[in-house]
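Trainee: Residue numbers (my numbering): 11 to 433. Ideal placement from N, C-alpha and C gives every residue a C-beta, glycine not left out. Source: prediction; values computed, not measured. The structure follows.
This is the structure:
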């Protein structure tokens, strides 16, 4: 296993540099398979609800049900990841996700999948992901050198967005030809692949926790650290002001596809693929762009691009123009979140890293879950156009606050433990 370097390199690492580390590459590819399965499941769940009454609220609730567990459980999950063997925890959780995906498949095949049960199982799947995210995020700094952390964070976003490009497109074709059940079945296989990759990983220097902190004490310590760290609070604030309005794009896009653009499941997959392609391009270019623009300049540009995208998607019923707007939206999404996530990983010390990243996941997923419900209700009451325009206005206001709450400069920060005495 490659451990973190003592300090950041002067020259930014290549966007692909972390993939030269074999263990990171293998786990990244397995996680890519799991992400593809997750997006296939999301499309399948949303498409099962598209023809129900109150479809705007029900479709938006798929995102809320999958992300609300992160809001509720991410901090306790971070405590578990800081207190126990992260590899064993990750393997157990992936096996749980396989079981949930199998249940979704069997119930859909037998025609026993009412909306309430679908949302319940989606929530259960979200519980597994809530337990996965802090542990996986805390493992990454142990796999790659410190100067490659930003590239590793961008690669994580690329993985999600390659999945967003591939998963929905494959799901759309499968749903059109065979129905939703095979989509759920493929998701079960994908998480089995990730569990197998984690089982095969044998860290050279396994992280041992001889006497874990007591759960409640560890929970209080993590909360106290975040509460009293101005830098962490600033990073969380920046994530929230972007994610809440941006969640309108994801939550209501199935309805834009079916009601405003007249597209089927395959067309919806193409829209999500456009977002994914834009995000992949953003992740690849991020390492180069960072050498020319500051993080705060990137936030301003990304927020402006997403504002325009929300406006176009919500008001222009022309498929080619919507596809063109989704490309920069994907780039903006990965630019903001990869930067904020990497800054969190760089700043947090190892003893509280999983708990700090868990709080970040609470803000990220909670912002999406609450935002999805909010925009679904707005669309139910005032229509899709009003919901998208309101989200665009909120995005613009949030972007301008980067002049008030800029990202901190962490380039010279080194969070490795200081050794004052030789072993």
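1. Look at the alpha carbon of residue 146 and the alpha carbon of residue 307, and state the distance between them as a whole number of angstroms.
2. Spatial neighbours of residue 190 within its chain, please: C-beta separation below 7 Å, excluding the five flanking residues on both sides.
3. Is it buried or exposed for residue 384, if we count other Cβ within 10 angstroms and need 16 for buried?
4. With H, G and I counted as helix, E and B as strand and the rest as coil, what does DSSP make of residue 157?
5. Buried or exposed for residue 298, please, with buried defined as at least 16 other CB atoms from any protein chain shown within 10 angstroms of its CB.
6. Where does residue 351 fall in DSSP's three states?
7. Rounding to the nearest angstrom, what Cα-Cα distance links residue 49 and residue 67 in this structure?
8. For a minimum of 4 consecutive residues, which ranges assigned as the alpha helix (DSSP H) are wholly contained in the stretch 77-131?
9. Keeping to the same chain, check which residues put their C-beta closer than 6 Å to that of residue 137; ignore five residues upstream and five downstream.
10. Does DSSP classify residue 26 as helix, strand or coil?
11. Check whether the Cβ atoms of residue 107 and residue 201 lie closer than 7 Å to each other.
12. Assuming residue 209 and residue 101 are in contact, meaning their beta carbons sit under 8 Å apart, how far apart are those beta carbons, in whole angstroms?
13. Quick check: the stretch 392-405 against the stretch 262-276, are there 3 or more CB pairs under 8 Å?
14. Rounded to whole angstroms, what's the CA-CA distance from residue 194 to residue 133? Just pull it up for me.
15. Whole-angstrom Cβ separation of residue 246 and residue 369, contact assumed at under 8 Å?
16. Can at least three beta-carbon pairs, one atom from the stretch 333-344 and one from the stretch 283-290, be found at a separation below 8 Å?
17. Taking only the alpha-carbon atoms, compute the straight-line gap between residue 197 and residue 44 and give it to the nearest angstrom.
18. Indicate whether residue 41 and residue 169 have their beta-carbon atoms separated by less than 7 Å.
19. According to the neighbour-count rule (16 or more other Cβ atoms, all chains shown, within 10 Å of its Cβ), is residue 365 buried or exposed?
20. With residue 367 and residue 144 assumed to form a contact (beta carbons below 8 Å), what rounded beta-carbon distance in angstroms separates them?
21. Quick check on DSSP: helix, strand or coil for residue 60?
22. On the premise that residue 319 lies in contact with residue 335, defined as a C-beta separation below 8 Å, what is that separation, rounded to the nearest angstrom?
23. Rounded to a whole number of angstroms, what is the C-alpha to C-alpha distance between residue 81 and residue 378?
24. Assuming contact is defined by CB atoms lying nearer than 7 Å, are residue 374 and residue 253 in contact in what I supplied?
25. In three-state terms, what does DSSP make of residue 393?
26. From residue 128 to residue 60, what does the alpha carbon distance come to, in whole angstroms?
27. Do you know offhand how far residue 158's Cα is from residue 382's?
28. Considering only residues of the same chain and omitting the five flanking positions on each side of residue 206, which have a CB-CB separation below 8 Å?
29. Closest to residue 152 by CA distance: which of 302, 97, 331 and 406 is it?
30. Would you please verify whether the beta carbon of residue 300 is less than 7 Å from any beta carbon of chain C?
31. Using a 10 Å radius around the Cβ and a threshold of 16 neighbouring Cβ atoms, would you call residue 174 buried or exposed?
32. Using only the alpha-carbon positions, how far apart do residue 111 and residue 35 sit?
33. Rounded to the nearest angstrom, what separates residue 88 and residue 148 at their Cα positions?
34. Any idea what DSSP makes of residue 308, helix, strand or coil?
35. Suppose the cutoff is 7 Å on Cβ atoms and the five residues either side in sequence are ignored; what does the same chain contact list for residue 338 look like?
36. Less than 7 Å separating the beta-carbons of residue 186 and residue 276?
Mentor: In terms of the structure at hand:
1. 29 Å
2. Residues 54, 57, 58 and 118 of the same chain have their beta carbon placed closer than 7 Å to that of residue 190, with the five preceding and five following residues left out of the count.
3. buried
4. In this structure, residue 157 counts as helix in the three-state DSSP scheme.
5. Its Cβ having fewer than 16 others within 10 Å, residue 298 is exposed.
6. helix
7. 19 Å
8. 96-119, all fully within the stretch 77-131.
9. Close CB contacts of residue 137 within its chain, under the 6 Å cut and outside five residues either way in sequence, are with 79 (chain order).
10. coil
11. yes
12. 6 Å
13. yes
14. 15 Å
15. 7 Å
16. yes
17. 7 Å
18. yes
19. By the neighbour-count criterion, in which 16 or more other beta carbons inside 10 Å mark a residue as buried, residue 365 falls on the buried side.
20. Contact holds; Cβ gap of about 5 Å.
21. coil
22. 4 Å
23. 10 Å
24. yes
25. Of the three classes helix, strand and coil, the one that applies to residue 393 here is coil, per DSSP.
26. 13 Å
27. 33 Å
28. Cβ neighbours of residue 206 within its own chain (closer than 8 Å, five residues either side excluded): 40.
29. Closest by alpha carbon: 97.
30. Of the protein chains in this structure there is only one, and it is not chain C.
31. buried
32. Using only the alpha carbons, I get a separation of about 25 Å.
33. 9 Å
34. Looking at residue 308 - three-state DSSP - the assignment turns out to be helix.
35. 288, 315 and 319, listed in sequence order.
36. yes
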